[in-house]
Amino acid sequence: MATGISRPQTTNRTPEDDVARRLLDSSSQLSYDPLTEVDWETPLDEDFHGTSPEWSTLYGTAYWNELTEAQRKALTRQEAASVASTGIWFEMILQQMMLRDFYAKDPTDDAFQWALTEIADECRHSIMFARGAKKLRAPAYRPHRLAVELGRFFKTVAFGEGAYGAILVAEEVLDVMQRDWMRDERVVPFVRTINNIHVVEESRHMKFARDETRKHLARAGRVRRHIHSLLIAVAAYVIVISMVNRKVYANAGLDEKRALREAKANEQHKSMMRSSCSGLMEFLTSVGLLTKPALFFYKRANLI
Ligand SMILES: [Fe+2]
Ligand SMILES: [Fe+2]
């Protein structure tokens, strides 16, 4: 005979509830507190990279070949801090969109409780990224003013598959890089821990985002699907171009103009992005979000 508080019996459970329940279970088994899990005390060891060097925006260019190992490491550390700062920006948008989505919904639903769990994860992640960027001795990297204002608009009005599709795209793009960095012994240990925590917790978020995207699309008409496919693609484009701030080069002691020019033309980096996003593109295709106008933006962002 069970004692204590039991969960209320839900008679009309939906498939979304089952997904949310599994995510809640998984979260209760494996979640992290970055404030205690990450080594914040050990001073930064400049003998390490901030990202896998292959992920540097300059890797493979003539400029990269001229850099000393110390300069390369300084650059990838600034790039890692920039990606973390862009992560914070996006997590702020995402938290607000999810809060809006679940406003006044049924709090006894697993999906409601999962949404708050995810928001709490993101809140911890943003603090973790902020501390990490500071430890990497980076200034506050913020996206371009136009991106900030577009984000402000998007987080205020986006809904349904538009909101969850954009969340998914941002999480997937970050995920592929972080999976490489967390395993890479050339990357500074505390950054590897940060990436490891993020990869584990985001895998649940991505499951939810895929599920919500599919669920909302099932109710969306053709016109709405087309509009949202374009919105998500534009969001993906803005996120990708905001990933590495142009100031990272000067902050790593490099010639900003030359670095920007060579980074822009860096085919090696573009092909890294493309190959890592194949799974995401497959998903978007399978749900009908890879429309022709959307494809234009994914190509411009070098995601396909
Ligand atoms: Fe996150
Ligand atoms: Fe997330």
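Oh and the sequence shown: position 85 is 363 in the numbering used here, straight run, nothing missing. Glycine is no exception: its CB is placed at the ideal position from the N, C-alpha and C atoms.
Boundaries of the alpha helix (DSSP H) in which residue i is found, first to last residue
i	result
I582	First-last for I582: undefined, no H or E at that position.
C401	388-413
M376	347-380
K383	Careful: K383 lies outside any alpha helix (DSSP H) and carries neither H nor E.
R497	That residue, R497, is in no alpha helix (DSSP H); it is neither H nor E in DSSP.
N529	526-529
A340	340-344
G557	556-564
R539	534-542
T314	312-315
C-beta contact flag for residue i and residue j at 9 Å
i	j	result
G443	A496	no
L509	A436	yes
F595	A511	This structure gives no information on residue 595, because the portion of the chain shown stretches from 279 to 582.
D317	T471	yes
L567	R503	yes
V264	D489	Outside the shown range of the chain, which is 279 to 582, sits residue 264, and nothing can be said about it.
L313	L336	no
Y627	E540	Given that the chain is displayed from residue 279 to residue 582, the structure contains no residue 627 and the question cannot be resolved.
P295	A389	First, the residue type needs correcting, since residue 295 is Asp and not Pro in the sequence shown. Yes, the pair counts as a contact, with Cβ atoms nearer than the cut-off.
K351	E324	yes
H403	I475	yes
G322	V465	In the sequence as presented, Gly is not what sits at residue 322; that position holds Leu. For L322 and V465, no; Cβs fall outside 9 Å.
Residue i: CB within 8 Å of a non-hydrogen atom of ligand 2
i	result
D323	no
L558	no
L581	no
L302	no
E369	yes
L372	yes
E449	yes
H403	yes
D399	yes
V479	As written in the sequence, residue 479 is Glu, which differs from the Val given in the question. Under cutoff, so the answer is yes.
I445	yes
E396	yes
H327	no
H483	yes
Exposure label - residue i; buried when at least 16 CB within 10 Å
i	result
C555	buried
P331	buried
T346	exposed
T292	exposed
N523	buried
F432	buried
Q307	exposed
P571	exposed
A530	buried
K383	exposed
Y419	buried
Y381	exposed
T563	exposed
S553	exposed
A441	buried
D462	buried
K542	exposed
T329	buried
P421	buried
Residue i Cβ short of 8 Å to ligand 1 heavy atom set
i	result
D311	no
E315	no
E545	no
G429	no
G365	yes
D458	no
E344	no
H504	no
H476	yes
For this session: Entirely within the region 428-458 and at least 3 residues each: give me those beta strand (DSSP E) ranges in chain order.
Result: Entirely contained in the region 428-458, not one beta strand (DSSP E) run reaches 3 residues.
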